[in-house]
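2 protein chains.
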Amino acid sequence: MEDFLKKTKKSSRIAATLESKLKKTLLNEMADALSEKKDLIKKANRIDLKNGEENNLSKALMDRLLLNDERIEAMAKSLKEIAALKEPVGRVLEGWVVDSGLRIEKVSIPIGVIAIIYESRPNVTADAAALCLKSGNVAILKGGKEAEHSNKAIASILQEILLKHNLPKEIISLLPDSSREAVGKLIKMDKYVDLIIPRGGEGLIKYVSQNATVPVVKHDKGLCHTYIDKDADFEKAIAIAINAKVQRPGVCNAMETLLVHEEIASDILPMLLYEFEQYDTYLKGCEKTRKIINVDEALEEDFETEYLDNILSIKVVDSLKEAIDHISKYGSGHSEAIITENYTTAERFLNEVDAAAVYVNASTRFTDGGEFGFGAEVGISTNKLHARGPMGINDLTTYKYKIYGKGQIR
Amino acid sequence: MEDFLKKTKKSSRIAATLESKLKKTLLNEMADALSEKKDLIKKANRIDLKNGEENNLSKALMDRLLLNDERIEAMAKSLKEIAALKEPVGRVLEGWVVDSGLRIEKVSIPIGVIAIIYESRPNVTADAAALCLKSGNVAILKGGKEAEHSNKAIASILQEILLKHNLPKEIISLLPDSSREAVGKLIKMDKYVDLIIPRGGEGLIKYVSQNATVPVVKHDKGLCHTYIDKDADFEKAIAIAINAKVQRPGVCNAMETLLVHEEIASDILPMLLYEFEQYDTYLKGCEKTRKIINVDEALEEDFETEYLDNILSIKVVDSLKEAIDHISKYGSGHSEAIITENYTTAERFLNEVDAAAVYVNASTRFTDGGEFGFGAEVGISTNKLHARGPMGINDLTTYKYKIYGKGQIR
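Residue numbers (numbering that gives the first Met the number 0), protein chains in the order written: chain A, 0 to 409; chain B, 0 to 409.
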């Protein structure tokens, strides 16, 4: 393991100084190679599928594992899109001149070696490798055991392009040993690895966060709220509540709990009940809610649950303060929304709610790299430091200070 | 411990929304209170000094512990300076409108609860508390056992001002239990603590980095190099080398190793020897160096050592590449400088050397919050993520996205 990491660390100096134009060429050639070598990928994928069947993987997991022509073309297209993104390295973030006459520039640079730990979907292999390459980083990829052959096939196609250009293939590496113990070792290798991004189940993320000495950017759960204020426009409120819950209930930026101000509860709750019935949403409510509409009881644990399903907890609150307190207690710091026409209420909500993304009069579903205009997305960080919310390629950079002198001493 | 942390966490919501004007008032009143209650502080300090004597603290440590009128006034003055800094919370870092018509603002916000672990100097108590307060954060302060009474006296004077304004005193907290076990517990409390800043010896920093689940920003060692290129202006080179080594050898941004291009070595090394002799600097050199000037031998371990003393290792290199390779192998990523008049060489050095601060034709001694124009300094980060290099109060903030909609759904 240490030998492998030494090589990746060494190749990170080369990755960091690749010219923008060359990085584009590499990524476009990688995209073409994936298209051309579809059959090779599908052949490897069939082995994974066969093993998956033998191991009785669920239908959902089998579907995530499957690579067909269409999915391979999508993977290639994504690489071309990443190639076309604006160069993330070398942006001058700030610049100024100080009393001593030194000129200081704060400039974006690659982070170095980034390890990405993920599960099932093999397309992440290509995407993560491309995002790291575009931002001048070395990628260490650790996919799921169940996608082993597919990931290897994809990685070796990408590595061939690196070798063709006389670059070390370690710029895109698969972790050679994919056992649990290897991961346990990897996350403590702060001498060689600069950042770990775990993407997957709660267990994986918790394990990595609790045990890593390498910095971790988590892509964790989202327990998102929408608060319908007493000064809400009902039409907006209903459309947004429906959208936030039902458009795609299985994702982290979907709403899990709806908060409603008691002054308008008896007017709007029946309308919401009617609308949610059209989508077969299973509603649960607090005591006050259940005095107005006939729904099952929402218990304390419901307010703590990320359903990732077409289920919604409803709570009637007596004030903005109670809404913010509830969010502060149960929210996961991901995305929170208020629906109101009242300026002062909106301002208070925006300022006092602590989350990566706080919305006025919009659906929490917009917390997404694409919707934010970042292009391809590395993930949605639930960290409070380094990167918060949707992560684009700029979030795979850090900075250094370049200081231009003319002989200054202190 | 958990009860205490719950209270600090709760008070962080109040600290985060303090108005800029009130924060200034608080800090100025705290400064005045320190001046007025000098005798109280000196009385507490005398207990620490007495205990220090009994425990045979070194003369240097006793001096760091001592608080006299002058030092207390300096502490008060520092608080007034922090009060006058530009408001770090609420800066709009970026802002744009996306395809859906949403208006997105990336806005700086406080980090939350920051624990600062430090040793001896009691003035850090006031400084760290003030920097956290100014940036809307709650400070948990853990000073050294040897300064216990002084720290308590200072903290209680600051807390009185909070209470006078009906604010929770937990906004500035001393860790109630200052045992080693308590620190071990604290650094795993990621539920309540958002950031830990250890300032002190290598042992402390290593222990915290290896064991914390809370994010850590380290204020670690500096093994800084100056490289005199073959195209250097000798006058600048000599002035900068002397300054970087002797002006204050005991600090992290002082030079530890001097690299000299072999083409000019036989010309400049005798001049450097003459100059360094004026300052009684103890010089050690590589084999090539010792063929030119008569100095002791620099061993492998010398190039790995942060002397923090008036000692300098010298190495003759055959190229820019060898200089960069040496820095990459031995440097601590703190501050690195090149002396050259050659544009292309300077550019390569600036781009290829990975350090928080890279200099052309200036002394590494400038890596400092004050010299960077940040005002008071939280420390100098040797992290690669979140904050790098000199940390001002802006580095005690993170960000959130505020998103302004008019009913948008996906």
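For each residue, glycine too, the CB sits at the ideal point set by N, CA and C.
Asked, Found
"Residue-level contact to chain B via CB, K405(A), 7 Å cutoff", "yes"
"Which of helix, strand or coil DSSP assigns to P214(A)", "coil"
"Near-chain A residues of the segment 205-223 of chain B (beta-carbon distance less than 8 Å), N- to C-terminal order", "S208, Q209, T212, P214"
"Euclidean distance between Cα positions of D394(A) and V106(A)", "13 Å"
"Best match in A231(B), S265(B), V250(B), L311(B) for proximity to V359(B) [C-alpha to C-alpha]", "A231(B)"
"Closest residue to S34(A) among H148(A), I156(A), Y403(A) (Cα-Cα distance)", "I156(A)"
"Coil, strand or helix - C285(A) by DSSP", "coil"
"Cβ-based contacts, 9 Å cut-off: residues of the segment 348-370 of chain B near chain A", "L349, N350, E351, V352, D353, A354, A355, A356, V357, Y358, V359, N360, A361, S362, R364, F365, T366, D367, E370"
"Contact belief for E238(B) with L257(B) at Cβ below 8 Å, rounded distance in angstroms", "For clarity, residue 238(B) is Ala in the given sequence; the question names Glu instead. 13 Å between Cβ atoms; not a contact."
"Chain A within 7 Å of R179(B), Cβ atoms only", "no"
"Neighbour flag for Y400(B) against chain A, beta carbons, 7 Å", "yes"
"CA-to-CA distance, K217(A) to A146(A), given in whole angstroms", "22 Å"
"Cβ contact (3+ pairs, closer than 8 Å) linking the segment 124-141 of chain A and the segment 172-188 of chain A", "yes"
"Any chain B beta carbon closer than 7 Å to V419(A)", "Since the first residue shown for chain A is 0 and the last is 409, residue 419(A) is missing from the structure and cannot be characterised."
"CB contact below 7 Å: N341(B) versus chain A", "no"
"Chain B contact for I237(A) (CB, 7 Å cutoff)", "no"
"Where L162(B) falls, given that 16 or more other Cβ within 10 Å makes a residue buried", "exposed"
"Alpha-carbon to alpha-carbon, L66(B) and T288(B)", "46 Å"
"Beta carbon proximity, R289(A) to chain B, threshold 7 Å", "no"
"Residue range of the unbroken alpha helix (DSSP H) whose run includes S265(B)", "261-277"
"Boundaries of the beta strand (DSSP E) in which I338(B) is found, first to last residue", "334-338"
"Within chain B, the residues that T397(A) reaches when beta carbons sit closer than 7 Å", "K383, L384, R387"
"Distance, G135(B) Cα to A375(B) Cα", "16 Å"
"Contact check, R120(B) vs R63(B), beta carbons under 7 Å", "yes"
"At least 3 beta-carbon pairs within less than 8 Å: the segment 376-396 of chain B vs the segment 345-355 of chain B", "yes"
"S327(A) (DSSP reduced to helix, strand or coil)", "helix"
"Interface partners of R246(A) on chain B, CB under 8 Å", "Here residue 246(A) turns out to be Gln, not Arg, going by the sequence shown. By Cβ distance, chain B contributes I408, R409."
"Every unbroken beta strand (DSSP E) within the segment 143-187 of chain B, with a cutoff of 3 residues, ordered by chain", "171-173"
"8 Å Cβ cut-off: residues of chain A touching D230(B)", "None at all; the shortest Cβ gap to chain A is about 14 Å."
"Chain A within 7 Å of D47(B), Cβ atoms only", "no"
"The segment 1-19 of chain B touching the segment 247-257 of chain B, judged by at least three CB pairs closer than 8 Å", "no"
"The segment 73-87 of chain A touching the segment 21-38 of chain A, judged by at least three CB pairs closer than 8 Å", "yes"
"Cβ neighbour criterion (16 or more within 10 Å) applied to R179(B)", "exposed"
"For C223(A), the residue or residues it bridges with in DSSP", "M254(A)"
"N350(A) (DSSP reduced to helix, strand or coil)", "helix"
"The alpha helix (DSSP H) enclosing S19(B), as first and last residue numbers", "19-35"
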